[in-house]
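S.K.: One structure follows; several queries about it will come next.
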DNA sequence: GTAATTTCTCAACCTAACTTGAGGTCAAGG
DNA sequence: CCTTGACCTCAAGTTAGGTTGAGAAATTAC
């Protein structure tokens with residue numbers, strides 16, 4: 001292995017635990033930008049190990065690849081990212097994560113209310129219409145659950 | 151509309167907010183079992199409104215269709231499910247939901263630790279290897295983030 | 001110098017949960 | 001009766017996040 005000519009895709013795969021195919025896929029999605037050696041093979045910076053680790057973690061947090069890409073784009077392109085750069089990103093993580101937890105908790109509270117009434121019945125049931133998307137779309141569920149008004 | 155001959159797929163779609171194609175898909179997945187009228191069209195019971203509402207809600211909780219099917223299979227096939235029947239199911243919801251919340255909170259705690267050290271760096275970082283799947287798979291990430299031991 | 005690995009590209013396949021389209025039938029209103 | 005509009009089936013397309021395979025070229029190991 002040549003000294004300091006960058007990491008091969010296989011080396012990167014072994015050290016991140018990712019499949020080679022996954023790494024190539026991530027490149028296609030713009031998450032990493034390896035260069036090519038004389039023979040046309042991909043060569044990676046050591047900093048890419050960190051980028052890929054980040055990808056793995058961010059996925060555990062439920063981020064999509066485009067979202068992860070956005071986060072990674074905030075990193076300095078030129079210099080190697082410092083711990084401070086990464087820490088800035090984890091703040092973004094944090095708020096996103098808090099959001100998701102809050103959503104689930106809200107759902108849980110609604111569920112608790114519904115266990116009491118045993119309903120899951122619309123249109124009263126808060127579970128059915130927790131104010132997400134398309135509130136006033138006009139078509140939504142109206143007289144559900146068989147207790148129609150006619 | 152004939153009296154009490156069951157609901158058409160379109161009526162069901164309007165009242166649940168689901169697409170007709172989605173309802174047919176759910177049937178294919180075994181979530182509902184309409185019968186057919188003389189002309190071969192699907193006819194649904196009123197109780198199916200509740201079943202479909204349940205499907206919608208369960209999906210918000212992150213259940214997959216096969217999982218939802220399992221839950222629905224616990225409902226009495228013959229008689230119309232009572233509130234009690236539904237309440238029994240929401241207990242299953244509850245524990246599942248608690249699990250997911252706990253997982254996220256664990257992740258968040260790890261993240262908080264990592265904001266401090268700014269690392270996201272392996273193999274120390276708890277975020278990277280939160281003890282899920284394939285713990286001793288042998289191949290995992292080892293000396294990551296550029297601080298290799300050689 | 002040759003054999004064994006790696007790597008390359010590109011196209012096709014995979015799962016989940018649906019949607020869309022083609023071509024044909026059923027049902028309801030005037 | 002006849003025209004819409006709702007329905008039917010079946011095949012194929014869609015998105016996300018990859019994997020698999022073929023055939024060829026590069027690299028490494030002995």
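Chains as they are written, first to last, in this note's numbering: chain A, 1 to 150; chain B, 151 to 300. All residues carry an ideal CB built from backbone N, CA and C; glycine is no exception.
Please list, in chain order, the residues of the segment 87-113 of chain A that have any C-beta partner in chain B closer than 8 angstroms.
M.R.: Flagged, chain order: 87, 90, 91, 93, 94, 97, 98, 100, 101, 104, 105, 107, 108, 111, 112.
S.K.: For residue 7 (chain A), which beta-bridge partners are listed by DSSP?
M.R.: For this step, residue 7 (chain A) is matched to residue 7 along the first chain. Paired residues: A:44.
S.K.: Any heavy atom of the ligand ATP within a distance shorter than 8 angstroms of the CB on residue 12 (chain A)?
M.R.: Ligands in the displayed structure: none, and consequently the ligand ATP is not present.
S.K.: Can you list, in chain order, the residues of the segment 196-211 of chain B whose Cβ is nearer than 8 angstroms to any Cβ on chain A?
M.R.: Answer in chain order: 196, 197, 199, 200, 203, 204, 206, 207, 210, 211.
S.K.: Since I believe residue 247 (chain B) is in contact with residue 107 (chain A) (beta carbons under 8 angstroms), could you give me their beta-carbon distance rounded to a whole number of angstroms?
M.R.: By 1-based counting over the first chain, the position of residue 107 (chain A) is 107. By 1-based counting over the second chain, the position of residue 247 (chain B) is 97. With 8 angstroms as the limit, residue 107 (chain A) and residue 247 (chain B) qualify as a contact, their Cβ atoms being about 7 angstroms apart.
S.K.: Hey, residue 224 (chain B) and residue 237 (chain B): beta-carbon distance below 9 angstroms or not?
M.R.: Within the second chain, numbered from 1, the residue matching residue 224 (chain B) stands at position 74. Within the second chain, numbered from 1, the residue matching residue 237 (chain B) stands at position 87. No, the pair does not count as a contact, with Cβ atoms beyond the cut-off.
S.K.: Looking at residue 105 (chain A) and residue 251 (chain B), is the spacing between their C-beta atoms short of 9 angstroms?
M.R.: Translated into positions along the second chain, residue 251 (chain B) becomes position 101. Translated into positions along the first chain, residue 105 (chain A) becomes position 105. Yes.
S.K.: Nearest-angstrom Cα distance between residue 170 (chain B) and residue 205 (chain B)?
M.R.: Numbered from 1 along the second chain, position 20 holds the residue referred to as residue 170 (chain B). Numbered from 1 along the second chain, position 55 holds the residue referred to as residue 205 (chain B). C-alpha separation (whole angstroms): 15 angstroms.
S.K.: I'd like to know whether the C-beta of residue 272 (chain B) is nearer than 9 angstroms to at least one C-beta of chain A.
M.R.: Reading the second chain from its first residue, position 122 is the one you call residue 272 (chain B). Only weak support exists for where residue 272 (chain B) lies, its pLDDT of 47 falling under 50; the value from the coordinates is given anyway. It does: the Cβ of residue 272 (chain B) has a partner Cβ on chain A nearer than 9 angstroms.
S.K.: With 16 other CB atoms within 10 Å as the buried threshold, where does residue 16 (chain A) fall?
M.R.: Along the first chain, one-based indexing puts residue 16 (chain A) at 16. That one is buried.
S.K.: With DSSP run on the structure shown, which of helix, strand or coil describes residue 36 (chain A)?
M.R.: Translated into the one-based positions of the first chain, residue 36 (chain A) becomes position 36. In the structure shown, residue 36 (chain A) sits in a strand (DSSP, three-state: E or B).
S.K.: Tell me, to the nearest whole angstrom, how far the beta carbon of residue 36 (chain A) is from that of residue 5 (chain A); I am working on the premise that it is less than 8 angstroms.
M.R.: Position 36 of the first chain, counted from the first residue, corresponds to residue 36 (chain A). Position 5 of the first chain, counted from the first residue, corresponds to residue 5 (chain A). Between residue 5 (chain A) and residue 36 (chain A) the Cβ distance is about 12 angstroms, and since that is not below 8 angstroms, they are no contact.
S.K.: So what's residue 169 (chain B) in DSSP terms, helix, strand or just coil?
M.R.: Stepping through the second chain from its first residue, residue 169 (chain B) is reached at position 19. Three-state result, residue 169 (chain B): coil.
S.K.: Would you tell me roughly how many angstroms separate the C-alpha atoms of residue 213 (chain B) and residue 160 (chain B), rounded to the nearest one?
M.R.: Sequence index remark: in the second chain, residue 213 (chain B) carries index 63 (1-based). Sequence index remark: in the second chain, residue 160 (chain B) carries index 10 (1-based). So the two alpha carbons sit approximately 25 angstroms from each other.
S.K.: Using the Cβ count rule (16 or more neighbours within 10 Å means buried), how would you classify residue 25 (chain A)?
M.R.: Residue numbering aside, residue 25 (chain A) sits at position 25 when the first chain is read from its first letter. Exposed is the call here.
S.K.: For residue 245 (chain B) and residue 202 (chain B), what's the separation of their Cα atoms in angstroms?
M.R.: Taking the second chain and counting its residues from 1, the one referred to as residue 245 (chain B) is at position 95. Taking the second chain and counting its residues from 1, the one referred to as residue 202 (chain B) is at position 52. Looking at the two C-alpha atoms, the distance is approximately 21 angstroms.
S.K.: Fully enclosed by the segment 207-244 of chain B, which beta strand (DSSP E) runs are 3 residues long or longer?
M.R.: List check, beta strand (DSSP E) in window: nothing returned.
S.K.: Which of helix, strand or coil does DSSP assign to residue 29 (chain A)?
M.R.: Counted from its first residue, the first chain places residue 29 (chain A) at position 29. Residue 29 (chain A): coil per DSSP, three-state reduction.
S.K.: Quick check on the burial criterion: 16 or more other C-beta atoms within 10 angstroms. Buried or exposed for residue 112 (chain A)?
M.R.: Numbered from its first residue, the first chain carries residue 112 (chain A) at position 112. Residue 112 (chain A) is exposed by the Cβ-count criterion.
S.K.: Can you tell me whether residue 259 (chain B) is buried or exposed? The criterion is at least 16 other CB atoms within 10 Å of its CB, across all chains shown.
M.R.: Start at 1 with the first residue of the second chain, and residue 259 (chain B) comes out as number 109. Classification for residue 259 (chain B): exposed.
S.K.: Is residue 45 (chain A) near residue 80 (chain A), with beta carbons less than 9 angstroms apart?
M.R.: Locating residue 45 (chain A) in the first chain gives position 45, where the first residue counts as 1. Locating residue 80 (chain A) in the first chain gives position 80, where the first residue counts as 1. Against a cut-off of 9 angstroms, the Cβ pair of residue 80 (chain A) and residue 45 (chain A) comes out as a contact.
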